[in-house]
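2 protein chains.
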Amino acid sequence: MKTISFSISELSKSFDITPRAIRFYEDQGLLSPLREGTRRVYQEKDRVRLRLILRGKRLGFPLSEIKEIFDLYDNEMGEETQLKVLIRKIQERRLRLEQQRDDIEVVLTEMLDVEKRAKAALEELGEA
Amino acid sequence: MKTISFSISELSKSFDITPRAIRFYEDQGLLSPLREGTRRVYQEKDRVRLRLILRGKRLGFPLSEIKEIFDLYDNEMGEETQLKVLIRKIQERRLRLEQQRDDIEVVLTEMLDVEKRAKAALEELGEA
DNA sequence: CCTAACGTTAACGTTAACGTCAATATGTTG
DNA sequence: CAACATATTGACGTTAACGTTAACGTTAGG
Chain W
1 MKTISFSISE
11 LSKSFDITPR
21 AIRFYEDQGL
31 LSPLREGTRR
41 VYQEKDRVRL
51 RLILRGKRLG
61 FPLSEIKEIF
71 DLYDNEMGEE
81 TQLKVLIRKI
91 QERRLRLEQQ
101 RDDIEVVLTE
111 MLDVEKRAKA
121 ALEELGEA
Chain P
129 MKTISFSISE
139 LSKSFDITPR
149 AIRFYEDQGL
159 LSPLREGTRR
169 VYQEKDRVRL
179 RLILRGKRLG
189 FPLSEIKEIF
199 DLYDNEMGEE
209 TQLKVLIRKI
219 QERRLRLEQQ
229 RDDIEVVLTE
239 MLDVEKRAKA
249 ALEELGEA
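So the sequences go chain by chain: W and P. Position 26, counted from 1, in the first sequence is what the working numbering calls 26; the numbers after and before it change by one each time, with no gaps. Each number in the working numbering corresponds to the 1-based position in the second sequence with 128 added.
As structure tokens, then:
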């Protein structure tokens, strides 16, 4: 079974972030790559993780919350309380995301309107 | 014409933020309330602004960008370069918002799935 | 008039998410 | 082998968005 692996700089380039950022995510417990001696070696699953981290960030989640989510996923969810916690947290986040989605719709609509008017104004200048 | 006005604490309570935050937004040039002597007096249009600020924040925009947008709106858009700048900035932001919207859809779908499985697992525990 | 409650500015403190730099190790290429 | 690229771990610096505290003014009620 061939396992493709990457150096930190390869990974950083392919996601267009700095190595420093990647090491920082590791410090915060969001990544745990293998080591070859002292060097970090990343595999596909690390890429997946990183992709999730960046998506979380784009959505405005602090790293601490992204970690919480990872921890919940990782916790072979078995016990009842664990499950209830998971469900509650998911619902919290879902509400926030739905709020964001609504915000986006409002703003996109407004922007479309402004854009139209701006283009129209530009047209007028062209004719005048 | 009756003009309703609010104190800083009234405003802060109705938006569930601190007075400090409101003053900070003013420092950053996002609000400019009237004054009665030294006291800040807010009106409906300030409420509208504040609502926009908070929405921008929820979408992850830094205050500096929110100010940029306000400045563009305020700039009686007339000149050609101004208009072009406005259109370009709007398009940039639109792309980011559309990216966010897609992110949200992905995450919401994933979350729905995890939530289902968690609830199912919880059910099983109840029966067993 | 005295006290609360609310307001003001100024200034320093805090947290998150890295950036930047130094000192050092390892690997590889001409 | 020397030089250069790439890696490592600290450690300190930076920015955004407020929090917190200090020191002080102003207004309403008893």
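Every residue, glycine too, gets a C-beta built ideally from N, C-alpha and C.
Given a threshold of 16 other Cβ atoms within 10 Å of its Cβ, counted over all protein chains shown, does residue i qualify as buried or as exposed?
i: A120 of chain W; result: exposed
i: Y25 of chain W; result: buried
i: G29 of chain W; result: exposed
i: S160 of chain P; result: exposed
i: G126 of chain W; result: exposed
i: I181 of chain P; result: buried
i: Q227 of chain P; result: exposed
i: L9 of chain W; result: Residue identity check: residue 9 of chain W is Ser in the sequence provided, not Leu. When all chains shown are included, S9 of chain W counts as exposed.
i: V48 of chain W; result: exposed
i: V106 of chain W; result: exposed
i: Y170 of chain P; result: buried
i: I4 of chain W; result: exposed
i: G262 of chain P; result: Not covered by the structure: residue 262 of chain P. The range shown for chain P is 129 to 256.
i: L223 of chain P; result: exposed
i: S140 of chain P; result: buried
Output the boundary residues of the alpha helix (DSSP H) element that contains residue i.
i: E115 of chain W; result: E80 to E127
i: L11 of chain W; result: I8 to F15
i: I4 of chain W; result: Taken as a continuous stretch (DSSP letters only), I4 of chain W belongs to no alpha helix (DSSP H), as it is neither H nor E.
First and last residue of the beta strand (DSSP E) that includes residue i?
i: L34 of chain W; result: L34 to E36
i: Q171 of chain P; result: R167 to Q171
Do we get a CB-CB distance below 8 angstroms when we pair residue i with the residues of chain P?
i: A118 of chain W; result: yes
i: R93 of chain W; result: yes
i: I87 of chain W; result: yes
i: I4 of chain W; result: no
i: D74 of chain W; result: no
i: L30 of chain W; result: no
i: L34 of chain W; result: no
i: Q100 of chain W; result: yes
i: L133 of chain W; result: Since the first residue shown for chain W is 1 and the last is 128, residue 133 of chain W is missing from the structure and cannot be characterised.
i: I8 of chain W; result: no
i: V107 of chain W; result: yes
Say whether chain W places a C-beta atom closer than 8 angstroms to the C-beta of residue i.
i: R177 of chain P; result: no
i: V242 of chain P; result: yes
i: E208 of chain P; result: yes
i: L253 of chain P; result: yes
i: D231 of chain P; result: yes
Where does residue i fall in DSSP's three states?
i: F189 of chain P; result: coil
i: G184 of chain P; result: helix
i: L200 of chain P; result: helix
i: L50 of chain W; result: helix
Members of the region 52-71 of chain W that neighbour chain P once the beta carbon cut-off is set at 7 angstroms:
Taking 7 angstroms as the cut-off between beta carbons, the residues of the region 52-71 of chain W near chain P are R55, R58, L59 and G60, in sequence order.
Return the residues of the region 17-28 of chain W that lie within a Cβ-Cβ distance of less than 7 angstroms from chain P, sorted by chain order.
Hits within the stretch: zero.
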